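Participant: Quick one: the structure is below, questions incoming.
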Amino acid sequence: MNPRILQTTIAGSLPKPAWLAPPRQLWAPWLLQGEALAEGKRDAVRLALREQERAGIDIVTDGEQTRRHFVTGYLEHLDGVDFERTVTVRIRNRYDAKVPQVVGPVSRRQSVHADDVRFLRAQTGKPIKFTLPGPMTMVDTLYDAHYRSRERLAMAFAAILNAEARELEALGADVVQFDEPAFNVYFDEVRDWGVPALMKAREGLKCRTAVHICYGYGIKANIDWKAGLGAEWRQYEAIFPLLAQSGIDQVSLECANSKVPIELLALLRGKDVLVGAIDVASETVETPEQVAATIRAAMKYVVPEKLFPCTNCGMVPLARELAAAKLHALAAGAAIVRREIEQN
Ligand code: ZN
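When we follow our numbering, the leftmost residue of the sequence shown carries the number 2, and every step to the right adds one.
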């Protein structure tokens, strides 16, 4: 990676083209089949990359164009998970969703994302990040009729994710990120087995490893939940010290339009912090100056070498033009602060 400071990146996902999947919805169905779908996904990755490169994003992703959802898109490739007989469960104590059930030991027949990383690596000279669901969030997005233990199931998923991550690293992924939005809901479990499962997932990796924790996409259930959290969101206060002591290299979290007290970032000393400076729940495009202000606020607690301006969360539910404009604002805001630092 080049040594420049305030390198920009995104949480992971971008909207899909309307010819690939209906826009502005989670779990949107594919509009193509067979070889046309495979080719359509590759074209969508090319466009997602082009959008990031044109905006000037430094560490790019595939925009998660090849999966329908960040958790079930992985689960559907595993044995032991039954997608035919779904069960309605409450996700992160917040909203009901029809989810698959675990009916036997979980295992992976082959790498799920090797082809995706190989393709992404071949399409860009920039550092690439690849995102995977985290073990706790996987456990929280299905019904377990087999293990009858969230911890044992999480450890089984962690072993699968570790094998996957090692392959993706070998294929050229510079950063492997585990998405753990469940980390700010189940604090005791995060301590008891959430962070240990995350450590098992990253075991032995030499590339950078990241964890993304957040207050969710800009969907109604999340917005309603956030409205009830009070004036200050201190959930991260319980988690940051655990992550600071862990082997994870980077922590991605939301800071734009957030009620997370910014001084909590001090609890992450020593880690790279992916500072969310783009609100994914807002239809308004941030100005570069607004992005710069969020970065400056975070810089009181994070040195510029360890600060990576980022989006609050995935942008998959946004309109495509809006997401593209937000990418440009992110890069432009980071450039403002970079110039200020270099002039001093
Ligand atoms: Zn998120």
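For each residue, glycine too, the CB sits at the ideal point set by N, CA and C.
All values reported here derive from a predicted model rather than from experimental measurement.
Check whether the segment 214–225 and the segment 44–61 are in contact - that is, three or more C-beta pairs closer than 8 Å.
Facilitator: Verdict: no, contact absent.
Participant: What separation, rounded to the nearest whole angstrom, lies between the Cα atoms of GLN8 and SER253?
Facilitator: About 13 Å.
Participant: Determine the burial state of THR89: buried for a count of at least 16 other Cβ atoms within 10 Å of its Cβ, exposed for fewer.
Facilitator: Answer is exposed; the Cβ neighbour count stays below 16.
Participant: Going straight from the alpha carbon of ARG151 to that of VAL140, what length do you get?
Facilitator: Cα to Cα, the separation comes out at about 6 Å.
Participant: Is PRO318 helix, strand or coil when you go by DSSP?
Facilitator: PRO318: coil per DSSP, three-state reduction.
Participant: Which first and last residues belong to the beta strand (DSSP E) in which ALA211 is found?
Facilitator: 209–213 is the span of the beta strand (DSSP E), which, as asked, contains ALA211.
Participant: Kindly indicate which three-state DSSP category LEU323 falls into: helix, strand or coil?
Facilitator: LEU323 falls in the helix class under three-state DSSP.
Participant: Can you check which of these residues, TRP226, VAL118 and VAL82, is closest to ILE110 by C-alpha distance?
Facilitator: It is worth fixing the name first, because residue 110 is Arg in this sequence and not Ile. The shortest Cα separation from ARG110 among TRP226, VAL118 and VAL82 belongs to VAL82.
Participant: Below 7 Å, is the gap between the Cβ of GLY217 and the nearest heavy atom of the ligand ZN?
Facilitator: Indeed, a heavy atom of the ligand ZN lies less than 7 Å from the Cβ.
Participant: Say the cut is 7 Å; is the CB of ALA222 nearer than that to a heavy atom of the ligand ZN?
Facilitator: Not under cutoff, so the answer is no.
Participant: With burial defined as no fewer than 16 other Cβ atoms inside 10 Å of the residue's Cβ, what is the status of TRP194: buried or exposed?
Facilitator: So TRP194 counts as buried.
Participant: Among the residues of its own chain, which have a CB less than 6 Å from the CB of THR67, if the five just before and after it don't count?
Facilitator: Here the set comprises LYS42 and ASP117.
Participant: Would GLY64 be called buried (16 or more neighbouring beta carbons within 10 Å of its own) or exposed?
Facilitator: By the 10 Å Cβ count, GLY64 comes out buried.
Participant: Run the CB neighbour count on PRO30, radius 10 Å, all protein chains shown included, and call it buried at 16 or more, exposed below.
Facilitator: Result: exposed.
Participant: Taking 8 Å as the threshold, find out whether the segment 181–196 comes into contact with the segment 262–279 through three or more Cβ pairs.
Facilitator: Not touching, per the Cβ criterion.
Participant: Quick check: what's the CA-CA separation for ASN163 versus VAL176?
Facilitator: Their backbone Cα atoms lie some 14 Å apart in a straight line.
Participant: Could you give the DSSP three-state label for TYR96: helix, strand or coil?
Facilitator: In this structure, TYR96 counts as strand in the three-state DSSP scheme.
Participant: Assuming ARG321 contacts PRO16 under a Cβ cut-off of 8 Å, what Cβ separation, rounded to an integer in Å, is found between them?
Facilitator: With 8 Å as the limit, ARG321 and PRO16 qualify as a contact, their Cβ atoms being about 4 Å apart.
Participant: Considering just the uninterrupted stretch of the beta strand (DSSP E) at VAL176, what are its terminal residues?
Facilitator: Its beta strand (DSSP E) spans residues 176–180.
Participant: Tell me whether THR73 is buried or exposed, calling it buried when 16 or more other Cβ atoms sit within 10 Å of its Cβ.
Facilitator: Result: buried.
Participant: So the candidates are THR285, ARG339 and GLY135; which of them puts its Cα closest to the Cα of LEU328?
Facilitator: Among THR285, ARG339 and GLY135, the Cα nearest to that of LEU328 is on THR285.
Participant: Would you list the one or two residues that DSSP bridges to ASP273?
Facilitator: Paired residue(s): GLN251.
Participant: Which one or two residues does DSSP pair with VAL103 in a beta bridge?
Facilitator: The partner list for VAL103 (beta bridge, DSSP) reads VAL82 and ASP145.
Participant: Pick helix, strand or coil for ARG91, following the three-state DSSP scheme.
Facilitator: It is a strand residue.
Participant: Use the C-beta contact count for VAL304: other C-beta atoms within 10 angstroms, 16 or more gives buried, fewer gives exposed.
Facilitator: Result: exposed.
Participant: Which residues mark the beginning and the end of the alpha helix (DSSP H) in which PHE120 is found?
Facilitator: Note, PHE120: alpha helix (DSSP H), 115–124.
Participant: Does any heavy atom of the ligand ZN sit closer than 7 Å to the C-beta of HIS78?
Facilitator: Not so, every heavy atom of the ligand ZN lies at least 7 Å from the Cβ.
Participant: Run through the DSSP bridge pairs and tell me what PRO310 is partnered with.
Facilitator: Answer is VAL276.
Participant: I need the boundaries of the alpha helix (DSSP H) containing PHE184, first residue and last residue.
Facilitator: No alpha helix (DSSP H) contains PHE184, which DSSP labels as neither H nor E.
Participant: Return the CA-CA distance between ILE342 and VAL100, expressed in angstroms with no decimal places.
Facilitator: The alpha-carbon atoms of ILE342 and VAL100 are separated by roughly 48 Å.
Participant: Can you list, in chain order, the residues of its chain whose CB lies under 6 Å from that of ALA56, leaving out five sequence neighbours each side?
Facilitator: Excluding positions up to five away in sequence, the list reads LEU328, HIS329 and ALA332.
Participant: DSSP beta-bridge partners for SER283?
Facilitator: Answer is none; SER283 lacks a bridge partner.
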